[in-house]
Each structure stands twice: as structure tokens, then as C-alpha cells.
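A.B. asks:
Residue numbers (our numbering), protein chains in the order written: chain Z, 2 to 235; chain E, 2 to 235.
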């Protein structure tokens, strides 16, 4: 039975981390909210479930309903062949994913430092200050940690000798940051050559590159998490 | 062999979620950084590990080293009898924990909306705006979700019929928010009577109440995640 993914249909957002894992594995899945009455169905599931997700994305696999991006990937990883077999390895991949999630949340807050219910234009001066700090201190700190992880695990992947969902997620984080902050990322990625190489290797995987060139890959845009406002990359 | 917890010794912070689980279970553990040369040891472990945590807290259990609060609890839960036996139940508890982690991160950003490397006093106007939105929209949204979860799972706990680490973490979240925003929380908790009752029930558990009265419980303070600045609760 096909996995059912529920996420906002017009942005990559957090749902994209799940999409990348499903696509790389060649899994059978339905991106529910992109179909007819999709958003109504999504909202209905959220409101009716015994174990209601706090927010999209969430995944249905038969009777199992799971929210929170990192928890979805924890569940899917072994099923899709994108996580190690041993418990310690799985936890380490999950830990990396949670750190990627922290970076994603901080990237979001560069354009929404005050209030998610307001527009970016209503919090521009604060966004400018927050983005400056994010570019100066936080992006280098996160990418530096991923670089260290890659250095201590020779073989080109974050964990072990095979691709995991954490590698796909790091690819997505770097793609998103490069879309939002192209000027800042150009310099920062030079300090993280292993991260840059992993990003390239993921992009060239046959299933991933086919997906990225397909209409299923929603382009980055200014409704998503990673937004390009040139004044935030100055 | 005793668990070794590594966290900053002078705040509750994210380490407290792990402490509560260990204390409720009566587990044998060492709070490493509160001992002699504790902080140097903590930093040394972070810098030398093959699988280095991004930040404290992290836990050592023999050879296993785990960072990220929610991942630590995912690991400890079954061992401490604070998680369901079935995989679906464990994932649901974890999902709740991840949502608590999101709320904690937002609570932190009320006093640090711009830059974690600056002091609160250097981002006060922005903090005021962010705290206003947090009190008005985000606290009710999070507590409303926990109330819904408790409503759909009769029995007084978030999951199933027994206490899990998610219940302890929700207690801590409510304690922290009540310390930071006493005025706002007074009204908001009235809209979430099941959350308020769970908080009370957790506080009265014998091991927990003994812990909370002991010197091992670090008082809330203005170096931690939950800080009381009256201008942010106005």
C-alpha cells in the first residue's frame, strides 16, 4: 500500500525532507494535499485523528499516523533502506536529523523573527538583524559540525558506508541555505568542502536527479522556509 | 553502570528533561558537569567523540553516546519504564516530545529573538514584540494541542494508561512557562484544565516531589531557557 504524505502543496518546506527519502528509495507514495480536495483532506485528518499531529508534514502508513519530520524519517528510514540496521547507528542518524531540524527552524526565523502570524514585511528590521547573526555565526557553526561529522566518518557519508536519510536532509539544508543566502553560502561552503562534496554527490544520484528535474520538485519560493530576500543576504 | 549526563551545571535548561526521567525512574546517574572538573570533561567529550554531539545535553551509557534531548529520551524511555512497549506508542510519545522541544525553542527565543551570542539587554525591543506574540498565540496553540491529546486519551496521561517521559516533559514545560510568564499562564492554563491537572499529578509523584525539593533541582534563573522578565509578561 502506498505511503500517504500530507503537506502543504505549494512549498518544499519540511515536507521536502520526507519527499526526498521517498523519492530516493523509489517508494510508492501519494502527496495527498497536491491532489483533489487535498488540503481539506489534510485538515480533516489533523482534526479527527486520535493521535493528532501538531502540524504538517505527517505520514500515513496503513493505520500508523506520524507527525514531526524527524519522527517520520526515524520510522521510514529502515523501511526504505536509508538507515543503519543497528540501534546505535539509527539513533546517530536521528540525532543528526534533529540537528538539521534545529538549523531549519533557525533559517525560518530569519524572515520571521517576531511572529509567524505576521508577514515578513511587518518584521523587516528585526529580520535583518537576525539574518546577520545567522549568516555570521549560526550557518558556520552548523556547517562546521557537519564537516566534523564527515571528517570523522571517512567514506563520504555522514554515517557508516551507505547513504542515509540524514545525507538527503543535509543536501536539502544546503540547497535551501544556498537559495536563501547565496552570497553568504559561497564563502561558508568553502570552509566545509566535505559538506559541499556530499551535496554534489546526492544531487547526482539517479533517482534524486530525476526527481529534482521533475514537476514533483516544487521550486523554492518566498512562501516556504528558505526564502531569498536580497536584503537578508547583504 | 551509572548513566552519565552531561549538561551545564547552573541551569535546568534542556538537561532538565533528562534529569526528570532519570529521577522519576530512580535511575543511577551522574550529573557529570556538576562534579569536579565537570565542564572541562563535558567539553572534552564533545570535542573528542567519534560521533560528537552538537550541544549539551548528551548522555553516556557505556559505549553509547547520544545528544539531542528528544533522542536521549527516545533511548532511555523503554529502559526506564517510561515509554510504551509497542513501536507505534513509542513513536507517538517521541512525537509529543518533539513538539515540546519546539515549544521550548520558541520560549527561549522570547528573550533571544535576534542573536544567541548577545545578551538579553541587547535585544529588548525585539524580545518584547516576540514575547507578546508568544503569549498571545503560541502558548495557547501548544497548550491547546496538549489538551486535545489528553482529551482523546482518557486516563490522565498523554499516552496510554501509564506515565511516560512525555508527561514529565509537559510538566517541565508548564513549570517553565509559569515561571517565565506567570500572568499570561494564569489565564491560559484555565483553558487547559487537563494539562493543569497532569502538571499537578506529576508534581505529587513521590520520587518527583522528593527531587523537586532537593538541592539537585536547580532553581529557575535568568541564565536558563525559561527566564522571568516582567516586561515580557506585561
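Where a beta carbon is used, it is the ideal one built from N, C-alpha and C, also for glycine.
Excluding the 5 residues flanking residue 99 of chain E on each side, which residues of the same chain have their C-beta closer than 8 Å to its C-beta?
C.D. replies: 71
A.B. asks: Mind checking which residues open and close the beta strand (DSSP E) that includes residue 65 of chain E?
C.D. replies: Counted as a single uninterrupted DSSP element, the beta strand (DSSP E) harbouring residue 65 of chain E occupies residues 65-68.
A.B. asks: Check this for me: beta carbons of residue 196 of chain Z and residue 144 of chain Z, under 8 Å apart or not?
C.D. replies: yes
A.B. asks: From residue 192 of chain Z to residue 179 of chain Z, what distance separates their C-alpha atoms?
C.D. replies: 14 Å
A.B. asks: So if I threshold CB-CB distances at 7 Å, which residues from the stretch 165-189 of chain Z count as touching chain E?
C.D. replies: So the list is empty, because no residue satisfies the distance condition.
A.B. asks: Along the chain, where does the beta strand (DSSP E) that runs through residue 32 of chain Z open and close?
C.D. replies: First-last of the beta strand (DSSP E) with residue 32 of chain Z: 30-32.
A.B. asks: For residue 49 of chain Z, is the classification buried or exposed, using 16 other Cβ atoms within 10 angstroms of its Cβ as the cut-off for buried?
C.D. replies: exposed
A.B. asks: Grab me the residues of residue 119 of chain E's own chain with a C-beta within less than 6 Å of its C-beta, minus the 5 sequence neighbours each way, in chain order.
C.D. replies: none
A.B. asks: Between which two residues does the alpha helix (DSSP H) holding residue 169 of chain Z run?
C.D. replies: 166-181
A.B. asks: Taking CB distances under 8 Å as the criterion, tell me whether residue 96 of chain Z reaches chain E.
C.D. replies: yes
A.B. asks: I'd like to know whether the C-beta atoms of residue 6 of chain Z and residue 33 of chain Z end up nearer to each other than 8 Å.
C.D. replies: yes
A.B. asks: I'd like the list of long-range same chain contacts for residue 172 of chain E, defined as Cβ closer than 6 Å, with 5 residues on each side in sequence excluded.
C.D. replies: Answer for residue 172 of chain E: 200, 203, listed in chain order.
A.B. asks: What does a CB cutoff of less than 6 Å around residue 14 of chain Z pick up in its chain, not counting 5 residues either side in sequence?
C.D. replies: 225, 226
A.B. asks: Along the chain, where does the beta strand (DSSP E) containing residue 142 of chain Z start, and where does it finish?
C.D. replies: Note, residue 142 of chain Z: premise wrong, no beta strand (DSSP E); alpha helix (DSSP H) at 140-153.
A.B. asks: If we cut at 8 Å on Cβ distances, does residue 55 of chain Z have a partner in chain E?
C.D. replies: yes
A.B. asks: Could you tell me which chain E residues have their CB closer than 8 Å to the CB of residue 149 of chain Z, listed as they occur along the chain?
C.D. replies: 53
A.B. asks: Let's test the definition: count the other Cβ atoms within 10 Å of the Cβ of residue 86 of chain E and tell me whether it reaches 16, buried, or not, exposed.
C.D. replies: exposed
A.B. asks: Could you check where the beta strand (DSSP E) with residue 62 of chain Z kicks off and where it finishes?
C.D. replies: In this chain, the beta strand (DSSP E) harbouring residue 62 of chain Z covers 59-62.
A.B. asks: Considering only DSSP beta bridges, list what residue 6 of chain Z is partnered with.
C.D. replies: In DSSP, residue 6 of chain Z forms a bridge with Z/32, Z/60.
A.B. asks: Only counting the same chain, and skipping five residues up and downstream in sequence, which positions put a Cβ closer than 8 Å to that of residue 19 of chain Z?
C.D. replies: 6, 8, 58, 60, 70, 73, 74, 77
A.B. asks: Rounded to whole angstroms, what's the CA-CA distance from residue 51 of chain E to residue 92 of chain Z? Just pull it up for me.
C.D. replies: Each residue's alpha carbon lies about 14 Å from the other.
A.B. asks: If you run the structure through DSSP and keep just helix, strand and coil, what is residue 44 of chain Z?
C.D. replies: helix
A.B. asks: For residue 198 of chain E, which residues of its own chain have a beta-carbon under 8 Å away from its beta-carbon, when the five flanking residues on both sides are left out?
C.D. replies: 157
A.B. asks: Looking only at C-alpha atoms, which of Z/165, Z/121, Z/64 sits nearest to residue 83 of chain Z?
C.D. replies: Z/165
A.B. asks: Can you check which of these residues, Z/167, Z/218, Z/127, Z/62, is closest to residue 102 of chain Z by C-alpha distance?
C.D. replies: Z/167
A.B. asks: Mind listing the chain Z neighbours of residue 67 of chain E? Cutoff is C-beta to C-beta under 7 Å, in chain order.
C.D. replies: 92, 96
A.B. asks: The alpha helix (DSSP H) with residue 237 of chain Z in it runs from where to where?
C.D. replies: Chain Z is shown only over 2 to 235; residue 237 of chain Z falls outside these bounds and no answer can be derived.
A.B. asks: Whole angstroms are fine: how far does the CA of residue 79 of chain E sit from the CA of residue 56 of chain E?
C.D. replies: 24 Å
A.B. asks: Identify the contact partners of residue 62 of chain E in chain Z, using a Cβ-Cβ distance below 8 Å as the criterion.
C.D. replies: Under the 8 Å cutoff, chain Z gives no residues; its nearest Cβ is about 10 Å from residue 62 of chain E.
A.B. asks: In terms of residue numbering, what span does the alpha helix (DSSP H) encompassing residue 160 of chain Z cover?
C.D. replies: That residue, residue 160 of chain Z, is in no alpha helix (DSSP H); it is neither H nor E in DSSP.
A.B. asks: Grab me the residues of residue 189 of chain E's own chain with a C-beta within less than 7 Å of its C-beta, minus the 5 sequence neighbours each way, in chain order.
C.D. replies: 140, 141, 144
A.B. asks: What does residue 9 of chain Z reach in chain E if we use C-beta pairs closer than 7 Å?
C.D. replies: The premise fails here: residue 9 of chain Z is roughly 17 Å from chain E at the closest Cβ pair, so nothing lies under 7 Å.
A.B. asks: Consult DSSP for residue 227 of chain Z and reduce its assignment to one of helix, strand or coil.
C.D. replies: In this structure, residue 227 of chain Z counts as coil in the three-state DSSP scheme.
A.B. asks: Please list, in chain order, the chain E residues whose beta carbon lies closer than 8 Å to that of residue 115 of chain Z.
C.D. replies: 114, 127, 130, 131, 134
A.B. asks: Please state whether DSSP places residue 73 of chain Z in a helix, a strand or coil.
C.D. replies: helix
A.B. asks: Any Cβ of chain Z within less than 8 Å of the Cβ of residue 45 of chain E?
C.D. replies: no
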